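Okay, structure first, notes after.
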Amino acid sequence: MSSPNASSVITRFAPSPTGFLHIGGARTALFNWAYARGRQGKMLLRIEDTDRERSTEAAIVAILDGLKWLGLTWDGEAVSQYARADRHREVANELLKRGKAYYCYCTPQELEAMRAKAEAEKRPIRYDGTWRDRDPSTAPAGVKPVIRFKAPQEGETVIEDNAQGRVVIPNKDLDDLIILRSDGNPTYNLSVVVDDHDMGISHIIRGVDHLTNAARQTQIYLAMGWQVPSMTHVPLIHGPDGAKLSKRHGALGVEAYRAMGYLPAALRNYLARLGWSHGDEEIFTTEQLVEWFDLKALGKSASRFDFAKLENLNGHYIRHTPDAELLQHLLAFMPFAEGGPALLARTDDAMKSKLLKAMPGLKERAKTLVELLKGAAFLYAARPLPMDDKARQIVADGGIATLAALTPVLAGTTEWTAPALEAAVKAHAEQTGIKLGKFAQPLRAALTGTSTSPGIFDVLDVLGREESLARIADLTKD
Ligand code: GLU
4 MSSPNASSVI TRFAPSPTGF LHIGGARTAL FNWAYARGRQ GKMLLRIEDT
54 DRERSTEAAI VAILDGLKWL GLTWDGEAVS QYARADRHRE VANELLKRGK
104 AYYCYCTPQE LEAMRAKAEA EKRPIRYDGT WRDRDPSTAP AGVKPVIRFK
154 APQEGETVIE DNAQGRVVIP NKDLDDLIIL RSDGNPTYNL SVVVDDHDMG
204 ISHIIRGVDH LTNAARQTQI YLAMGWQVPS MTHVPLIHGP DGAKLSKRHG
254 ALGVEAYRAM GYLPAALRNY LARLGWSHGD EEIFTTEQLV EWFDLKALGK
304 SASRFDFAKL ENLNGHYIRH TPDAELLQHL LAFMPFAEGG PALLARTDDA
354 MKSKLLKAMP GLKERAKTLV ELLKGAAFLY AARPLPMDDK ARQIVADGGI
404 ATLAALTPVL AGTTEWTAPA LEAAVKAHAE QTGIKLGKFA QPLRAALTGT
454 STSPGIFDVL DVLGREESLA RIADLTKD
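This is how it looks when you write it as structure tokens:
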């Protein structure tokens, strides 16, 4: 088959705003986005807000926010499914006119009896077609009817799925679906078909949990004489142990990943590899993803979410992001970090310069922005510095004497730069016969209050002469 016409590709992401943008939804959005972008097509956004009880404005905001943070842009305004209910009703009536749907007057009691009978006979629960061919003039008075789709009873419904292959569902397994409730509200499968058709969707890419819906939806397309879009049902994401994804495994909203300090580019890269591959490529740019992404390369089996892998990948991205850009990420991250807003409030231009200067050393040690910010904490620390246990131990174990001996050496260094300071301390080490390494830990404890930090001469350099000597003096002065 030849690839579709460049401009004819229109995909959509269609979240239900009943919760945040969870990680599976984010991956679905990414695939729709990459497929459209790689073909000069469009990705539309439809908010499936017909469930009025469970849909919330806060969830809509969170979903849009999550997509924006992930860098997944959509074309045009987001469409509200609920706002299109009139059009859905119109199509339900059109199906009635075409003889592809009918009024059903079954009472709740009758439906309950149907259910009980099926259960007793150990059959799947299906509508038994009571009103399928009955004359509506025999309808009982006072019962508001629903409209049911007249599903084909013979043969089978076939979905040529790009990920699942040819899926064949016997029509006897699909009963006559309600498409319009007695209160006039359209039901889910009708709304989805009408919207996808009206929005000109050429490719539907979504989770495999919608495969049965796809069969029902296909029947509605055919009944309306509409072209069925190309279908792709992506396998689910499981936990590292192969079980259904739980919260502990990463079934969280995208905003949780932002707060855990992942870079959007790293998360895009990681999500793309869940269910899709391009040869052996593990690390690729978003441009490469857009160029390479193809529905044919989607696997059939569930993929496994692995936090350790995501974290390593994120570390790679952090190390390879230019310092100034990483600083922007760090600043954008601070409002969501624990204690971050207070630090952000103290981040003036001078602090930004310090962060930038420290960045090469900081980013070597951080797999997440949480770790990066933690590593940068020494820049913000106020004197006298709070010490962690290890730092306190280092100071107690002869650290003070080392620092006292070192103070005139540092103070006498005319040029306060990392190389000059290193040269001075080295010379002092040679003179005294003390190993250079012996100086590092007490200095680190005094300057950062911890036992891990970027290279100690870089730390001295970033903090500056006055602040460095003052931090040391806080420990040695009495
Ligand atoms: N609203 C559905 C969901 O959030 C998606 C429906 C679709 O993609 O067709 O699972």
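Converting from the sequence shown to the working numbering requires adding 3 to each position, the first position being numbered 1.
All C-beta atoms in this analysis are idealised placements derived from N, C-alpha and C, irrespective of residue type, glycine included.
Nothing here was measured: the structure is a model prediction, and the numbers come from that model.
Identity of the residues DSSP links to residue i by a beta bridge
i	result
His206	Ser233
Arg307	His241
Lys45	Ile13
Arg169	Glu163
Gly401	Per DSSP, none; premise fails for Gly401.
Cys107	Val149
Gly256	His25
Ile50	Ser83
Pro189	Leu183
Lys247	His241
Trp419	Note: Trp419 sits in no beta bridge, so no partner.
Whole-number beta carbon distance between residue j and residue i, since they are thought to touch under 8 Å
i	j	result
Pro189	Arg92	6 Å
Phe152	Ile128	The Cβ separation is near 17 Å, so there is no contact.
Ala154	Leu114	Between Leu114 and Ala154 the Cβ distance is about 17 Å, and since that is not below 8 Å, they are no contact.
Gly27	Ile240	5 Å
Asp464	Trp419	7 Å
Leu330	Lys366	So it is not a contact: roughly 10 Å between Cβ atoms.
Ser233	Gly278	So it is not a contact: roughly 17 Å between Cβ atoms.
Arg101	Ala226	7 Å
Gly41	Phe296	5 Å
Val149	Ser185	5 Å
Residue i at chain D interface by Cβ criterion, 8 Å
i	result
Pro344	Of the protein chains in the structure, only one exists, and it is not chain D.
Top-ranked residue by Cα proximity to residue i, from the options
i	options	result
Ala399	Gln444, Met202 and Arg87	Gln444
Asn216	His236, Lys370 and Glu124	His236
Val64	Thr31, Tyr85 and Phe23	Phe23
Asn272	Arg261, Gly282 and Thr288	Thr288
Arg368	Ala385, Gly342, Gly318 and Tyr85	Gly318
Val231	Pro238, Met202 and Ala259	Met202
His281	Ala345, Ile66, Glu122 and Ala300	Ala300
Arg90	Val12, Ala39, Gly187 and Gly278	Gly187
Glu97	Leu372, Pro243, Trp229 and Glu433	Trp229
Ala469	Gly415, Thr14, Lys125 and Gly69	Residue identity differs from the one stated: residue 469 is Glu in this sequence, not Ala. Ranking Gly415, Thr14, Lys125 and Gly69 by Cα distance to Glu469 puts Gly415 first.
Ala246	Arg276, Ala226 and Asp309	Asp309
Trp77	Lys103, Arg101, Ile286 and Ala39	Ala39
Gly69	Glu258, Leu446 and Asp178	Glu258
Problem set entry | Completely contained alpha helix (DSSP H) runs for the region 123–147, where each covers 4 or more residues | For the region 123–147, not a single whole alpha helix (DSSP H) run of length 4 or above is found.
For this session: Check whether the region 299–317 touches the region 260–272, taking contact to mean three or more Cβ pairs, one atom from each stretch, closer than 8 Å.
Result: With the cut-off at 8 Å, the region 299–317 and the region 260–272 touch.
Exercise. Counting pairs of beta carbons, one from the region 240–251 and one from the region 352–360, are three or more of them closer than 8 Å?
Worked result: Not touching, per the Cβ criterion.
For this session: Pair every Cβ in the region 375–392 with every Cβ in the region 447–456, then say whether three or more of these pairs are closer than 8 Å.
Result: With a cut-off of 8 Å, the region 447–456 and the region 375–392 count as touching, because enough Cβ pairs lie within range.
Problem set entry | alpha helix (DSSP H) runs wholly inside the region 59–97, at least 4 long, in chain order | Entirely contained in the region 59–97, the alpha helix (DSSP H) runs reaching 4 residues are, in chain order, 60–73.
Problem set entry | Touch test, the region 189–202 against the region 215–226, Cβ-Cβ under 8 Å, three pairs minimum | In this structure the region 189–202 lies against the region 215–226, because at least three pairs of beta carbons, one per stretch, are closer than 8 Å.
For this session: Examine the Cβ distances between the region 67–83 and the region 37–54 and report whether three or more of them are shorter than 8 Å.
Result: Segment contact: the region 67–83 against the region 37–54, three or more CB-CB distances shorter than 8 Å; contact assigned.
For this session: Could you tell me whether the region 105–112 touches the region 321–339, using the rule of 3 or more Cβ pairs below 8 Å?
Result: Verdict: no, contact absent.
Problem set entry | Given 8 Å, three or more beta-carbon pairs between the region 157–164 and the region 203–210 | Inter-segment contact for the region 157–164 and the region 203–210 is absent: fewer than three beta-carbon pairs are separated by less than 8 Å.
Exercise. Do the region 422–441 and the region 373–381 make contact, defined as three or more Cβ pairs closer than 8 Å?
Worked result: No: the two stretches stay apart, fewer than three of their Cβ pairs being nearer than 8 Å.
Exercise. Do three or more CB pairs link the region 470–479 to the region 404–418 at distances below 8 Å?
Worked result: With three or more CB-CB distances shorter than 8 Å, the region 470–479 counts as touching the region 404–418.
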